[in-house]
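Asks: First to last, the protein sequences are chains A and B. All the letters of the first sequence, read from the start, carry residue numbers 1 to 332 under the UniProt record's numbering. All the letters of the second sequence, read from the start, carry residue numbers 1 to 332 under the UniProt record's numbering. For each residue, glycine too, the CB sits at the ideal point set by N, CA and C.
There are 2 protein chains.
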Amino acid sequence: MSSPAVDAVLATPAPAAAARTDVARAFAPASVGNVAVGFDILGHSMVEAGDRAEVRRLAEPEVRIAAIRGCVADLPLEPHKNTAGAALLAMREALDLPFGFELTLHKGIALGSGMGGSAASCVAALVAANALLEQPLSREALYRFALEGEAVASGSRHGDNLGPMLLGGLVLATHERLLRIPVPPAWHCALVHPHCVLETRKARAALAGNYALGEFVAQSANLALLLAGCFRGDAALVREGLKDVLVEPRRAPLVPGFIRVKQAALDHHAFGASISGGGPSVFGWYACRADADAAASAMRAAFAEAGLDSDTFVAPVDGPAATLVDALPDEA
Amino acid sequence: MSSPAVDAVLATPAPAAAARTDVARAFAPASVGNVAVGFDILGHSMVEAGDRAEVRRLAEPEVRIAAIRGCVADLPLEPHKNTAGAALLAMREALDLPFGFELTLHKGIALGSGMGGSAASCVAALVAANALLEQPLSREALYRFALEGEAVASGSRHGDNLGPMLLGGLVLATHERLLRIPVPPAWHCALVHPHCVLETRKARAALAGNYALGEFVAQSANLALLLAGCFRGDAALVREGLKDVLVEPRRAPLVPGFIRVKQAALDHHAFGASISGGGPSVFGWYACRADADAAASAMRAAFAEAGLDSDTFVAPVDGPAATLVDALPDEA
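1. Please report the residue range of the beta strand (DSSP E) in which A53(A) lies.
2. With a threshold of 8 Å between beta-carbons, can D244(A) be considered close to chain B, or not?
3. Just checking: is the beta-carbon of I181(A) within a distance shorter than 8 Å of some beta-carbon in chain B?
4. Ignore the nearest five residues each way along the sequence and tell me which others in V314(B)'s own chain have a CB closer than 8 Å to its CB.
5. Please report how far the alpha carbon of T174(A) lies from the alpha carbon of E240(B), in whole angstroms.
6. Who are V311(A)'s beta bridge partners in DSSP?
7. Helix, strand or coil for P13(B), going by three-state DSSP, please let me know.
8. Just to make sure I have the definition right: I need the residues of chain A whose C-beta is within less than 9 Å of the C-beta of L225(B). Which are they?
9. As an exercise, report each continuous beta strand (DSSP E) stretch of at least 3 residues that is fully enclosed by the segment 231-256 of chain B, in chain order.
10. Just to confirm, are R52(B) and V325(B) a CB contact at a threshold of 8 Å?
11. Cutting at 6 Å between CB atoms, please list the residues of its own chain near L111(A), excluding the five before and the five after it.
12. Can you confirm whether F271(B), when its beta carbon is compared against all beta carbons of chain A, has any partner nearer than 8 Å?
13. Are the CB atoms of A224(B) and L223(A) within a distance shorter than 8 Å?
14. State the start and end residues of the unbroken alpha helix (DSSP H) segment that holds F303(B).
15. Give me, in chain order, the residues of the same chain whose beta-carbon lies closer than 7 Å to that of L226(B); leave out the 5 immediate sequence neighbours on both sides.
16. Can you name the residues of chain A whose CB is closer than 8 Å to the CB of N210(B)?
17. Taking the CB atoms as reference points, tell me whether H44(A) and G169(A) lie closer together than 8 Å.
18. Assign T200(A) to buried or exposed, taking buried as 16 or more other Cβ atoms, counted over all protein chains shown, within 10 Å of its Cβ.
19. By how many angstroms is the C-alpha of G279(B) removed from the C-alpha of A327(B)?
20. Could you check whether the segment 149-163 of chain B touches the segment 80-91 of chain B, counting it as contact only if at least three pairs of C-beta atoms, one from each stretch, sit closer than 8 Å?
21. Assuming V55(B) and A128(B) form a contact by the criterion Cβ under 8 Å, report the distance between their Cβ atoms to the nearest whole angstrom.
22. Rounded to a whole number of angstroms, what is the C-alpha to C-alpha distance between A19(A) and P256(A)?
23. Tell me the DSSP secondary structure of S274(A) in three-state form.
24. Measuring only the C-alpha atoms, how far is H193(A) from L246(B)?
25. Quick one: which unbroken beta strand (DSSP E) runs of 3-plus residues sit fully inside the UniProt domain "GHMP kinase N-terminal" (83-169) of chain B? Chain order, please.
26. Quick check on DSSP: helix, strand or coil for P185(A)?
27. State the Cα-Cα distance for the pair L75(B) and N82(B), rounded to the nearest angstrom.
28. Here's a check: name, in chain order, each residue in its chain whose Cβ is nearer than 8 Å to the Cβ of R64(A), leaving out the five neighbours to either side.
29. What does a CB cutoff of less than 6 Å around D40(B) pick up in its chain, not counting 5 residues either side in sequence?
30. Determine the contact status of L133(A) and L198(A), defining contact as a CB-CB distance below 8 Å.
31. Quick check: what's the CA-CA separation for G163(A) versus L137(A)?
32. Taking only three categories from DSSP, how would you classify R177(B)?
33. Could you have a look at V261(A) and say whether DSSP puts it in helix, strand or coil?
34. Let me see if you follow: with CB-CB separation under 8 Å, is F303(B) close to chain A or not?
35. Using a Cβ cut-off of 8 Å, pull out every chain B residue sitting near G38(A), in sequence order please.
36. Rank R25(A), V23(A), L42(A) by C-alpha distance to the C-alpha of G277(A) and give the top, closest one.
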């Protein structure tokens, strides 16, 4: 005797299933790239903001972008110039698919915010498109397509935002692979996004030039302390390690009010605080949500002193990965 | 009723105990500094070689070096010019001790070998002297004195050799602290020391100049993979990470036959292989002792092809810390 519930699943008619897989929608969360000590290789997801993508299967073997809506609209609709479009092109070509994709993006992350907006569009589009494949790929297998898309946005192949969106949580992202790093569930991030734009390419240009070996030794030690602290769930080690001595000094002048905002973050028992991704957003890590909430308010006030309104986000460091969703936001 | 054995211990006469603590002897193992991806911050002990120190308590508040014997004899006897002497001076001054130390060193590690010879002298002397204190310090508390000694030898305060000698095993050593990193007991290191000298200062001079940010990113990713592999006991991650893209290319020309020796190390299933410390010794990591033994022989043969005789050492990566011992080697 089989149960009615199992029978119902087994009896799902094939045509309905096929119809259901002609379109899929996904949400990819924002992320904090670099995490102070892992430039280009370390990031974590921040579920409080994100991009959504709707992907429709096309009979024609091509990639089209139907529309871009939400908080950013003036992005290129030519797929090879668009970060999400380029990711879908890379997927279609690598898998030699006999069909194509039509993409509609709903941006929930501002461009040039340091919250991984370009990566979120890539990942949301890939996760939705993946659901339309006969044999969907693993999240790790989507990574190389996502890197192609990210390169369109920033001119650099780096996965510190893509990795956490694909796998969730804190992720080490090399050129070749992703690895999730354990983080205690109580640890929270406060992320504050001031209403000004810092283009990723400009943020990267601030890093041009040469570096001394000693700078790297100090930053490596901090990275090692942070990783050891995460693997051991030891906040004291993270407090020692969560300090960017390499990149932050070069980028801080590009973020209005940075010194005061960082101090506000630290004043609320932060493990550490720094610039999120290429900036101008600033983040701090905390032992609990209450500290992160208090810090977010103080950081917002500090940006206000610098003449900038801002949005605040508080979420667990060990945040979720991108997921399939039922619908794009209603914009009626 | 108490047991005779306990009675015997309790009955140990106080004068005998006091006499026993007038002199102490310690052994500090060799070490592999840098471990390819942790320049100046990561090292592990190698128990198959080491230095010994005998320290005698002096009534006078001074530090003297009575003799230096073993495989190196032409070292300065002025304590502030000698690595172990400087470490004892730092200890005596910091603790404001009302007595002094007389040191006899027995060198088992060749100078300029890349096996942590100067660090081993520091640590052996400090561990022995520590046993003469009324209230001996923790190994972590000895670290700052050891750094003072190491600076005399290399001109740089770095603890990648000191740390593993003080704590044992694989150790992360920042300027401020030591942290032991877990390593599976089966993992072994093959270390081969060719009979030529590469002065630490010369090895450091090869690293002068500027570095590109991209080099740091690649090396950071490797360091992160190595650490994650150790915390998870995952050899595949260590295989990905144990590659020095930053320092080895600059130092390799200083090590005769390096390319062939490294290849010999890799040919025997190494996780990775590189220069030990400042060189010229070369090391590889292996999943088991048998692989490490085979590799050590092949590496020795490769050095022989370059015209160099060499010594081989095979020991667990998770090796022991420095220990008190009963006697210096008999040199009669």
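Replies: Well, looking at it:
1. 42-58
2. no
3. yes
4. E48, H188, C189, A190, L191, R289, A292, D293, A296
5. Straight-line Cα distance between these residues: approximately 10 Å.
6. One point to set straight first is that residue 311(A) is Asp, not Val, in the sequence displayed. D311(A) is bridged to H193(A).
7. With a pLDDT of 41 at P13(B), under the threshold of 50, the modelled position of that residue is not reliable, and the figure given next carries that caveat. Residue state, collapsed to three classes: coil.
8. L172, T174, R177, L179
9. none
10. When the beta-carbon positions are compared, R52(B) and V325(B) come within less than 8 Å of each other.
11. Around L111(A), the same chain offers V72, G117 as residues with beta carbons nearer than 6 Å, after the five sequence neighbours per side are excluded.
12. no
13. yes
14. 289-305
15. V37, V238, G241, L242
16. Residues of chain A passing the Cβ test: N210, Y211, A212.
17. yes
18. buried
19. 30 Å
20. yes
21. 4 Å
22. Low confidence applies to A19(A): its pLDDT is 43, below 50, so where it sits in the model is not reliable enough to give any reading.
23. strand
24. Rounded to whole angstroms, H193(A) to L246(B) spans 35 Å at the Cα level.
25. 100-107
26. coil
27. 7 Å
28. L58, P79, G100, F101, E102, L103
29. H158, D160
30. Taking 8 Å as the Cβ cut-off, L133(A) and L198(A) do not qualify as a contacting pair.
31. 15 Å
32. coil
33. helix
34. no
35. S220, A224
36. Comparing Cα-Cα distances from G277(A) to each of R25(A), V23(A), L42(A), the minimum goes to L42(A).
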